[in-house]
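Residues in the sequence shown are numbered from 918 upward in steps of one, following this note's numbering.
The C-beta atom is built at its ideal place from N, Cα and C for all residues, glycine as well.
Bear in mind the structure is a predicted one, so any value in this text is a computation, not a measurement.
Below is one structure; the comments refer to it alone.
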Amino acid sequence: MPAESQRRDGPSPSEFRSYWDRKHRSSSYRHAPLQEFLLDLLQSTFADCAGFVLDHGCGQGRVAEALAQRGKAVALNDISAIALAKARNRLVRRGLAARLAHGFCGQIKDWRGPTPWFGFVSHRVLHTIPLPHRLAAVTALSSSLAMGGKGIVTARSIRCSRYEHMLSDPAFELVESSETTFARPAPFRYLHFFKEGELESTLAASGLSVLQTLDYSELTGNTERGLDTQVNRYWLIVCQKGNG
Ligand SMILES: C[S@@+](CC[C@H](N)C(=O)[O-])C[C@H]1O[C@@H](n2cnc3c(N)ncnc32)[C@H](O)[C@@H]1O
């Protein structure tokens, strides 16, 4: 694909998939255990949930594991087959069951998982989805969600001075020129941070109403401040299909 159209349309699903496969193959790419407040929120949000909860962009399965340990039926979704295999093994090792749903959420034709789902969690995923696919991803999450079903979404906005030097390096490319400006290493670093209000409007456009907005960076003690972060909003939203 020519560089110009790549910038305009974003990477193709297969380029995106190999990027994430590479990351998940690396033994150093691991996520820390989930924080207590998030575990409590999973418990309270899905307490009455009668069917599958989808872990969107499950990565190596820490959210799915927490849900399954709380008695929820879970479906794992990730664009990376490597991530899915790791997540599945993690659950199997603990005697927990999960349905697998490999695919690029937003391209529902790839979907192999159970529908509808009765809840979903999309933790630290949406800001990694290229802008042209982001609304489609949220719409896909919403369209197969049962009416009244709830979702938990976290997504971030950041400007980080440790990346400023990349802007003058031809190996790095400027993605956007707004406050969410970020540099990405060539060939790709897929980070497309949210602007104020953008997450809410994306959810609303997909038929999801906001029940609660929390500041995830405050809840986690702003641990990323140490990385020269100039603006670091990390939103955590609980939403519901329908009018709440
Ligand atoms: C930062 S990781 C977060 C993983 C996991 N949610 C967690 O918090 O442990 C982002 C994950 O989203 C997956 N992903 C990115 N875009 C996706 C998409 N469009 N559909 C499904 N999965 C996607 C990536 O493969 C990666 O595993």
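Exercise for the section: Could you tell me the distance, in whole angstroms, from the CA atom of Trp937 to the CA atom of Ala1054? Expected result: Counting from 1 along the sequence shown, the entry for residue 937 is found at position 20. Counting from 1 along the sequence shown, the entry for residue 1054 is found at position 137. Between Trp937 and Ala1054, the C-alpha separation is close to 16 Å.
Exercise for the section: May I ask which residues mark the beginning and end of the beta strand (DSSP E) holding Arg1016? Expected result: For the purposes of this step, residue 1016 is taken as residue 99 along the sequence shown, with counting starting at 1. Residues 1016-1019.
Handout entry: Heavy atom of ligand 1 within 6 Å of Asp995 beta-carbon
Key = Along the sequence shown, read from residue 1 onward, the residue named residue 995 stands at position 78. Yes - ligand 1 has a heavy atom lying nearer than 6 Å to the Cβ of Asp995.
Practice task
Report yes if the C-beta of Thr894 is less than 6 Å from at least one heavy atom of ligand 1; otherwise report no.
Solution key: With the chain covering 918 to 1161 only, the question about residue 894 has no answer from this structure.
Practice task
Would you check whether ligand 1 has a heavy atom nearer than 6 Å to the C-beta of Trp1152?
Solution key: If you number the sequence shown from 1, residue 1152 lands on position 235. Flag unset: Cβ of Trp1152 not near ligand 1.
Problem - Where Phe969 falls: helix, strand or coil (DSSP) - result: Along the sequence shown, read from residue 1 onward, the residue named residue 969 stands at position 52. Phe969: coil per DSSP, three-state reduction.
Problem - Per-residue DSSP class, three states only, for Gln1157 - result: Here residue 1157 refers to the residue found at position 240 when the sequence shown is read from its first residue. Looking at Gln1157 - three-state DSSP - the assignment turns out to be strand.
Practice task
Compute every distance between the C-beta of Val1042 and the non-hydrogen atoms of ligand 1, then say whether any falls below 6 Å.
Solution key: Residue mapping note: residue 1042 aligns to position 125 of the sequence shown, counting from 1. Under cutoff, so the answer is yes.
Practice task
Kindly identify the DSSP beta-bridge partner or partners of Gln986.
Solution key: Numbered from 1 along the sequence shown, position 69 holds the residue referred to as residue 986. In the DSSP output, where bridge partners are listed per residue, Gln986 has none listed.
Practice task
Please state if the CB of Ile1069 and the CB of Val970 are separated by a distance shorter than 7 Å.
Solution key: In the sequence shown, counting from the first residue as 1, residue 970 sits at position 53. In the sequence shown, counting from the first residue as 1, residue 1069 sits at position 152. Result no, Cβ atoms of Val970 and Ile1069 do not sit closer than 7 Å.
Handout entry: Member of Gly974, Ala964, Leu956 whose CA lies at the smallest distance from the CA of His941
Key = Residue numbering aside, residue 941 sits at position 24 when the sequence shown is read from its first letter. Nearest C-alpha to His941: Gly974.
Problem - Uninterrupted beta strand (DSSP E) stretches inside the region 1035-1072 (no shorter than 3 residues) - result: none
Exercise for the section: Work out the CA separation of Thr1130 and Ala998 for me, nearest whole Å. Expected result: Stepping through the sequence shown from its first residue, residue 998 is reached at position 81. Stepping through the sequence shown from its first residue, residue 1130 is reached at position 213. Roughly 32 Å separates the two Cα atoms.
Practice task
Mind checking which residues open and close the alpha helix (DSSP H) that includes Gln960?
Solution key: By 1-based counting over the sequence shown, the position of residue 960 is 43. 953-962 is the span of the alpha helix (DSSP H), which, as asked, contains Gln960.
Practice task
Could you have a look at Leu1216 and say whether DSSP puts it in helix, strand or coil?
Solution key: Outside the modelled stretch of the chain, which goes from 918 to 1161, sits residue 1216, for which no answer is possible.
Problem - Reduced DSSP secondary structure (H/G/I, E/B, other) of Arg1150 - result: Within the sequence shown, numbered from 1, the residue matching residue 1150 stands at position 233. Arg1150: strand per DSSP, three-state reduction.
Practice task
Use the C-beta contact count for Ala1121: other C-beta atoms within 10 angstroms, 16 or more gives buried, fewer gives exposed.
Solution key: Taking the sequence shown and counting its residues from 1, one reaches residue 1121 at position 204. So Ala1121 ends up on the exposed side.
Problem - CB of Ser1118 within 7 Å of CB of Thr1056, strictly - result: The sequence position of residue 1118 within the sequence shown is 201, counting from 1. The sequence position of residue 1056 within the sequence shown is 139, counting from 1. Against a cut-off of 7 Å, the Cβ pair of Thr1056 and Ser1118 comes out as no contact.
Problem - Environment of Gln977 [buried if 16+ CB atoms lie within 10 Å] - result: Position 60 of the sequence shown, counted from the first residue, corresponds to residue 977. That one is buried.
Problem - Option in Ala981, His948, Arg1011, Glu1113 with minimal Cα separation from Leu959 - result: Counting from one through the sequence shown, the residue named residue 959 turns up at place 42. Among Ala981, His948, Arg1011, Glu1113, the Cα nearest to that of Leu959 is on Ala981.
Handout entry: Where the beta strand (DSSP E) containing Ala949 begins and where it ends
Key = As a first step, residue 949 is located in the sequence shown; it is residue number 32 there, counting from the start. Segment: none, Ala949 is in no beta strand (DSSP E) and carries neither H nor E.
Exercise for the section: Compute the Euclidean distance between the alpha carbons of Arg1041 and Leu1052, then round it to the nearest angstrom. Expected result: Working through the sequence shown from its first residue, we reach residue 1041 at position 124. Working through the sequence shown from its first residue, we reach residue 1052 at position 135. Roughly 15 Å separates the two Cα atoms.
Problem - Distance cut-off 6 Å: His948 Cβ against heavy atoms of ligand 1 - result: As a position in the sequence shown, residue 948 is number 31, starting the count at 1. His948: yes, Cβ under 6 Å from ligand 1.
Problem - Gln1068 beta carbon near ligand 1 (any heavy atom closer than 6 Å) - result: Taking the sequence shown and counting its residues from 1, one reaches residue 1068 at position 151. Note that residue 1068 is Gly in the sequence shown, not Gln. Result no, Cβ not under 6 Å from ligand 1.
Exercise for the section: Out of Gly1036, Gly1065, Asp972, Leu984, point me to the one whose CA is closest to Lys1013's CA. Expected result: In the sequence shown, the residue the question calls residue 1013 occupies position 96. One point to set straight first is that residue 1013 is Leu, not Lys, in the sequence displayed. Residue Leu984 is the option with its Cα nearest to Leu1013.
Exercise for the section: Within 10 angstroms of the Cβ of Phe954, are there 16 or more other Cβ atoms? Answer buried if so, exposed if not. Expected result: Mapped onto the sequence shown, residue 954 falls at position 37. Classification of Phe954: exposed, given that the 10 Å Cβ count is below 16.
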